[in-house]
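Protein sequences, first through last, are from chains X and G. Take the first sequence: its position 191, counting from 1, is numbered 191 in this note's numbering, and each next residue is one higher. In this note's numbering, each residue's number is its place in the second sequence (first place is 1) plus 1000. No residue lacks a Cβ here, since even glycine has one placed at the ideal position from N, Cα and C. All of these numbers come straight from a predicted model, not from anything done at the bench.
Protein chains: 2
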Amino acid sequence: MSGCGAEHGLISIDQALALIAQTVQPLGREPVSVEQALQRILVDDVHAPVALPIFSQSAVDGYALAAARHPIDAGQCFQVMGEVRAGQVADVVLEVGQAVRIFTGGKIPEGTTTVARQEIVQLHVEQQIELTDDLAKHADIRDAGEEVQAGQVLATQGQSLGVGAIAALCMAGVQHVSVYRQAKIAVVVTGDEVASHVDELQQGKIFDANTPMLKAWCQQHRLDAEFFLVADQETALTELLQDLKSRFDLIITTGGVSVGDYDFVRPVALNLGFQQVFWKVKQKPGKPMFFAHSQSAERCCYLLGLPGNPAAVYVALQVYVSSVLRGLAGQSIAPAWVSAVLQHDLKPDRRERFLRMSAEIQQGQLQVTALKKQQSHMLSNLFESNFLLRVPTDTVLSAGTLLNGIYLD
Amino acid sequence: MSGCGAEHGLISIDQALALIAQTVQPLGREPVSVEQALQRILVDDVHAPVALPIFSQSAVDGYALAAARHPIDAGQCFQVMGEVRAGQVADVVLEVGQAVRIFTGGKIPEGTTTVARQEIVQLHVEQQIELTDDLAKHADIRDAGEEVQAGQVLATQGQSLGVGAIAALCMAGVQHVSVYRQAKIAVVVTGDEVASHVDELQQGKIFDANTPMLKAWCQQHRLDAEFFLVADQETALTELLQDLKSRFDLIITTGGVSVGDYDFVRPVALNLGFQQVFWKVKQKPGKPMFFAHSQSAERCCYLLGLPGNPAAVYVALQVYVSSVLRGLAGQSIAPAWVSAVLQHDLKPDRRERFLRMSAEIQQGQLQVTALKKQQSHMLSNLFESNFLLRVPTDTVLSAGTLLNGIYLD
């Protein structure tokens, strides 16, 4: 399957994404209450258990009336029999000439032929009201079921539940939904170069950007992740991955996937029985990316080995980790590419590139401008960047060209 | 200040936003660790405590060389004196004709004149290497400070810290930042019409969409909010608001702000000493919106009284609650309007409207299409909606018109 072994050379970004799509299988389902379902993905279509509105209700504060003929002429009077507030039973049955005071959302009493908003009603003594304007039949009534029929499909399989969807499900009385189980994610940061203290910086160490980046990204996406720091040593890495592969759905590693003498992630994973799906993508940043999977009795564990350079990790999160997670949640793995208008010329490169851009919409057009400091060990342009542009190989690109990219998140 | 009292009629959306901008003062500051700072807003500019890179380092796996002249011709040999891995001290000083094995990120030893990537190096016995290609001076070296100078401004006041910004701060060794204190938010849902059980639906009650909507929205935005459900009774509401106004920075109410006989929010707030900033905005949905503030010894408490209709609540969250929160966090309160191309004609309306749209970017153009079921008691189109279009009054709008709106979140 999925090109394991066959691909020794570099594959393209599209090939890598296609291999992810072929390889990743959705996780199982679990029931959650709708109030706990923010950003979760639906396993099934959801049908409305009730109609919306549930009953016919007033659209305004005013009076429900019963008239024999419509339109009712201004000046006509009605006898007020009572009051219906929102949330109360409308236990009166109106006869012609009768009215009840009613408020927005109040249940329309039986016998009602129309509703007069309070602005066209004059209240007299003895509970009598007079219309100050003509009134059509069935005015300002929200009919039961006019928005949604009971049984109608509200939301569909694969949909991510945002704030609006949660509210709409609750309004229809949906209390539980089946969602894809959340992936259990292990993040393994390799590398001896990470400083714990400022004092170590002069000894060739650097501050770790990858761990906080991955932590923040998991937090942002409400992902369940455990973090592990491991030295660049074969035995330590072997022990760790051996343990993780039966306990996690996805292992993300950073560093140690290139061809340096201390790049142990790939050989260790292969020794542990992981099947390679691909290794090395013809892209910049992030060429030595490694993707593999291991099927054990307990679970299928996917391993996405990212390079150690932080910009490569950042790009991989946006493009590849997101894709794998969408696949695990039963969605199309395809990144949400949108087309954008390049604001300047771009020099060609032999590899496809992901460039960090500043994007803004002007006059309805998505315009993108490349930021400086694009090298794979540089992150400082992320203070300004909100878009990742995908730049094809070997072409001189001029200002005005349409290219695909994704919004960063 | 801020038009309290002067505005008895309906004000425009722009006037309402301008009054919010004039009224809302930023909260105080608090220090947080960068790893806890996701989505928090910077109070001050942040300067880089160190240069990036911190020291000159190799950009590749290969060999650091010392040569007398450059370019070095292919065929020249060097004596390998040792090895520098990333994270290790480079304690050797190279003399002409010497080399060290070096890995990506490894600290460049003193005396180095260039770096040869391993692809152009042949290793002989006796720790001798031969170049298989010509090599320029200072190749594949990342110079100290080439990305960021120590002391340089990295991030600016008012910036929201996303995943990329967190990572970039960590890479520069920034461990703590000052952010605006998070608003303490109380959400008060009024209304007797909310059903606790399905059985109550036939008694004129409805399912509550506002509470789960507000909860999900606060969760999504990592906001600290407490929720209160109160009956449509003046005394109950008075007691609750009296208690809340000294404990919270922002009270959001839903329902009870219109002119119905049971709309107690505004009179109760005014009785408790809240000063009205505005009441009623010429918009659809959400006309009877109320904004007030109360300055006590403990704090300034803002009260945003939203209508009870769930679509009005949803729109107000996106437009007005967001604006107030941005103001409390020292940012410009202005919504992130972007211009979009309307895909069809639109009929005029006497009020400015917020329409729930489906937006997509095609050929670099943001195209928006209105969804059905736009009435203020309807939410079912939120399964498809990702954009809120702001439609001006009294104008026939034709397909192709550019209008402002905001992405929903």
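Close Cβ partners of Ala312(X) (< 7 Å) along its chain, the five nearest in sequence each way excluded: For the purposes of this step, residue 312(X) is identified with residue 312 of the first sequence, where counting begins at 1. Same-chain partners within the cutoff: Pro285, Gly286, Leu306 and Ser376.
From Ala1292(G), Phe1354(G), Trp1337(G) and Gln1343(G), residue whose alpha carbon lies closest to that of Val1324(G): Start at 1 with the first residue of the second sequence, and residue 1324(G) comes out as number 324. Among Ala1292(G), Phe1354(G), Trp1337(G) and Gln1343(G), the Cα nearest to that of Val1324(G) belongs to Ala1292(G).
Min CB distance Phe1055(G) to chain X below 8 Å: Locating residue 1055(G) in the second sequence gives position 55, where the first residue counts as 1. True, the Cβ-Cβ gap to chain X drops below 8 Å.
Chain X contact residues for Lys1287(G), given Cβ-Cβ distances below 7 Å: In the second sequence, counting from the first residue as 1, residue 1287(G) sits at position 287. Ordered by position in chain X, no residue passes the 7 Å Cβ test against Lys1287(G), which lies about 12 Å from the chain.
For Asp45(X), three-class secondary structure by DSSP: As a first step, residue 45(X) is located in the first sequence; it is residue number 45 there, counting from the start. Looking at Asp45(X) - three-state DSSP - the assignment turns out to be coil, as it is neither helix nor strand.
Proximal residues of chain G, C-beta to C-beta of Trp217(X) below 8 Å: What you label residue 217(X) is simply residue 217 of the first sequence in a count that begins at 1. The answer, in chain order, is Val1163.
is_contact[Cys461(X), chain G] using C-beta, thresh 8 Å: Residue 461(X) falls outside the range modelled here, since chain X spans only 1 to 409, and no answer is possible.
Closest residue to Val265(X) among Pro288(X), Phe55(X), Ala336(X) and Leu403(X) (Cα-Cα distance): Taking the first sequence and counting its residues from 1, one reaches residue 265(X) at position 265. It is Pro288(X) whose Cα lies nearest to the Cα of Val265(X).
Bounding residues of the alpha helix (DSSP H) (the contiguous stretch that carries Ser322(X)): Position 322 of the first sequence, counting from 1, holds the residue named residue 322(X). For Ser322(X), the uninterrupted alpha helix (DSSP H) run begins and ends at Ser322 to Leu328, by DSSP.
Beta-carbon spacing of Phe1228(G), Val1187(G) below 8 Å: For the purposes of this step, residue 1228(G) is identified with residue 228 of the second sequence, where counting begins at 1. For the purposes of this step, residue 1187(G) is identified with residue 187 of the second sequence, where counting begins at 1. Taking 8 Å as the Cβ cut-off, Phe1228(G) and Val1187(G) qualify as a contacting pair.
Residue burial classification, Cys1077(G) (beta-carbon count within 10 angstroms, cutoff 16): Here residue 1077(G) refers to the residue found at position 77 when the second sequence is read from its first residue. That one is exposed.
Asp440(X), buried or exposed, once every other Cβ within 10 Å from all chains shown has been counted against 16: Any answer about residue 440(X) is impossible in this case: the structure gives chain X only from 1 up to 409.
Inter-residue Cα distance where the pair is Ile1041(G) and Thr1211(G): Your numbering for residue 1041(G) matches position 41 in the second sequence. Your numbering for residue 1211(G) matches position 211 in the second sequence. Whole-angstrom Cα-Cα distance: 26 Å.
Exposed unless 16 or more other CB atoms sit within 10 angstroms - verdict on Leu1241(G): To locate residue 1241(G), count along the second sequence from 1; it is residue 241. Taking every protein chain shown into account, the CB of Leu1241(G) has 16 or more other CB atoms within 10 angstroms, so this residue is buried.
Contiguous beta strand (DSSP E) assignments of at least 3 residues, all confined to the region 180-227 of chain X: Taking 3 residues as the minimum length, the beta strand (DSSP E) runs contained wholly in the region 180-227 of chain X are 184-190, in order along the chain.
DSSP state of Gly82(X) mapped onto helix, strand, coil: Indexing the first sequence from 1 puts residue 82(X) at position 82. Residue state for Gly82(X) is assigned as strand, using DSSP reduced to three classes.
Coil, strand or helix - Ile1333(G) by DSSP: As a first step, residue 1333(G) must be located in the second sequence, where it is residue number 333. Coil.
C-beta atoms of Gln1343(G) and Gln1374(G) nearer than 8 Å: Indexing the second sequence from 1 puts residue 1343(G) at position 343. Indexing the second sequence from 1 puts residue 1374(G) at position 374. The answer is no: Cβ separation not under 8 Å.
Contact residues within the region 1368-1382 of chain G, judged by C-beta distance below 7 Å to chain X: Against chain X - using a Cβ distance shorter than 7 Å - the residues of the region 1368-1382 of chain G are Lys1373, His1377, Met1378, Leu1379, Ser1380 and Leu1382.
Alpha carbon of Ala216(X) to alpha carbon of Leu355(X), nearest angstrom: In the first sequence, counting from the first residue as 1, residue 216(X) sits at position 216. In the first sequence, counting from the first residue as 1, residue 355(X) sits at position 355. Distance between the alpha carbons of Ala216(X) and Leu355(X): 21 Å.
Chain X contacts made by the region 1200-1213 of chain G, where a contact means CB separation under 9 Å: Sequence-ordered contacts of the region 1200-1213 of chain G with chain X read Glu1200, Leu1201, Gln1202, Gln1203, Gly1204, Lys1205, Ile1206, Phe1207, Asp1208, Ala1209, Asn1210, Thr1211, Pro1212 and Met1213 [C-beta pairs closer than 9 Å].
Unbroken alpha helix (DSSP H) run spanning Thr1104(G), endpoints: Taking the first residue of the second sequence as position 1, residue 1104(G) is located at position 104. Careful: Thr1104(G) lies outside any alpha helix (DSSP H) and carries neither H nor E.
Gln1079(G) vs Gln1122(G) beta-carbon contact at 8 Å: Counted from its first residue, the second sequence places residue 1079(G) at position 79. Counted from its first residue, the second sequence places residue 1122(G) at position 122. A distance of 8 Å or more separates the beta carbons of Gln1079(G) and Gln1122(G).
Closer than 8 Å to chain X by CB, Gly1003(G): As a working note, residue 1003(G) is residue 3 in the second sequence. Residue placement at Gly1003(G) cannot be trusted, given a pLDDT of 34 that sits under 50; what the coordinates show is reported in the next sentence. By this cut-off, Gly1003(G) is not an interface position.
Nearest neighbour of Ala37(X), chosen from Ala165(X), Ile13(X), Met213(X) and Ser322(X) [CA to CA]: Numbered from 1 along the first sequence, position 37 holds the residue referred to as residue 37(X). When each option's Cα is compared against that of Ala37(X), the closest is Ala165(X).
Whole-angstrom C-beta distance between Gly204(X) and Gly308(X), which should lie under 8 Å: As a working note, residue 308(X) is residue 308 in the first sequence. As a working note, residue 204(X) is residue 204 in the first sequence. About 15 Å; that fails the 8 Å criterion.
Residue-level contact to chain X via CB, Asp1224(G), 8 Å cutoff: One-based indexing of the second sequence puts residue 1224(G) at position 224. No, Asp1224(G) lies away from the interface with chain X (no Cβ there is under 8 Å from its Cβ).
Where Tyr1262(G) falls: helix, strand or coil (DSSP): By 1-based counting over the second sequence, the position of residue 1262(G) is 262. Note: Tyr1262(G) maps to coil in three-state DSSP.
Those residues which DSSP pairs with Glu30(X) across a bridge: What you label residue 30(X) is simply residue 30 of the first sequence in a count that begins at 1. Glu30(X) is bridged to Val179(X).
Burial state of Ala6(X) (16 or more Cβ within 10 Å): Sequence index remark: in the first sequence, residue 6(X) carries index 6 (1-based). Annotation note: pLDDT 35 at Ala6(X) (below 50); position unreliable, no value reported.
According to DSSP, residues forming a beta bridge with Cys1301(G): Here residue 1301(G) refers to the residue found at position 301 when the second sequence is read from its first residue. Per DSSP, the beta-bridge partners of Cys1301(G) are Ser1294(G).
Beta-carbon spacing of Pro53(X), Glu130(X) below 8 Å: Position 53 of the first sequence holds residue 53(X). Position 130 of the first sequence holds residue 130(X). No, these two residues do not count as a Cβ contact at 8 Å.
Nearest candidate by alpha-carbon position, reference Leu272(X), set Tyr262(X), Gly255(X) and Leu244(X): Translated into the one-based positions of the first sequence, residue 272(X) becomes position 272. Of the candidates Tyr262(X), Gly255(X) and Leu244(X), the one whose C-alpha sits nearest the C-alpha of Leu272(X) is Leu244(X).
Range of the contiguous beta strand (DSSP E) that encloses Leu123(X): Position 123 of the first sequence, counted from the start, is the residue given in the question as residue 123(X). From DSSP, the beta strand (DSSP E) with Leu123(X) extends over Val121 to His124.
Beta-carbon spacing of Glu119(X), Val100(X) below 8 Å: Here residue 119(X) is taken as the residue at index 119 of the first sequence, counted from 1. Here residue 100(X) is taken as the residue at index 100 of the first sequence, counted from 1. Contact flag unset, no.
Bridge partners - Val1060(G), DSSP secondary structure assignment: Translated into positions along the second sequence, residue 1060(G) becomes position 60. Secondary-structure assignment with DSSP links Val1060(G) through no beta bridge to anything.
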